[in-house]
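Chemist: Here it is, the structure in full.
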Amino acid sequence: CGAMKAVLKPESLEDVPSVAAWLKHTDAARHVTAHHGHDPHSQEALSCMTEENVVSQLDHLRTQPVVAARLAAGTLRIHGWIYDIAHGEIRAFDAEKGG
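Structure follows, in structure tokens:
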């Protein structure tokens with residue numbers, strides 16, 4: 001994911017502050033990825049960052065009042081997916097189980 005690559009290289013966003021601000025929502029995923037100790041320029045870091053961002057966005061989505069209400073009522077289910085273009089695979093995250 002190009003956005004996640006940019007987040008892993010913050011210096012690439014210095015000249016585009018509006019993009020940096022837009023990507024602020026990735027902070028939680030960036031912190032988790034850093035905690036795992038991956039080399040920020042590695043494929044492992046990119047994969048971790050991408051997956052953690054999906055999980056983080058699912059968590060954020062659950063905080064939205066209309067989503068939270070419908071989840072509580074059982075009238076909404078949310079899904080998080082990552083498409084691995086190199087292998088033609090889709091990985092699904094179980095939003096109800098947290099991963």
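Taking full-length UniProt numbering, the leading residue of the sequence shown gets 1, the next gets one more, and so forth. Every residue, glycine too, gets a C-beta built ideally from N, C-alpha and C.
When the distance is taken between beta carbons, is L61 closer than 8 Å to V67?
Modeler: Cβ atoms of V67 and L61: closer than 8 Å.
Chemist: Is there at least one non-hydrogen atom of the ligand ADP closer than 7 Å to the beta-carbon of P17?
Modeler: Looking for the ligand ADP in the displayed structure turns up nothing, as the structure carries no ligands at all.
Chemist: Specify, as a first and last residue, the run of the beta strand (DSSP E) that R91 falls within.
Modeler: Counting along the chain, the beta strand (DSSP E) containing R91 begins and ends at 89 to 93.
Chemist: Can you tell me which of A45, C48, M49, G80 puts its alpha carbon nearest to the alpha carbon of D59?
Modeler: Considering only alpha carbons, the answer is G80.
Chemist: Let's see if you can read the secondary structure: which residues bound the beta strand (DSSP E) around D15?
Modeler: Here D15 belongs to no beta strand (DSSP E), and DSSP marks it neither H nor E.
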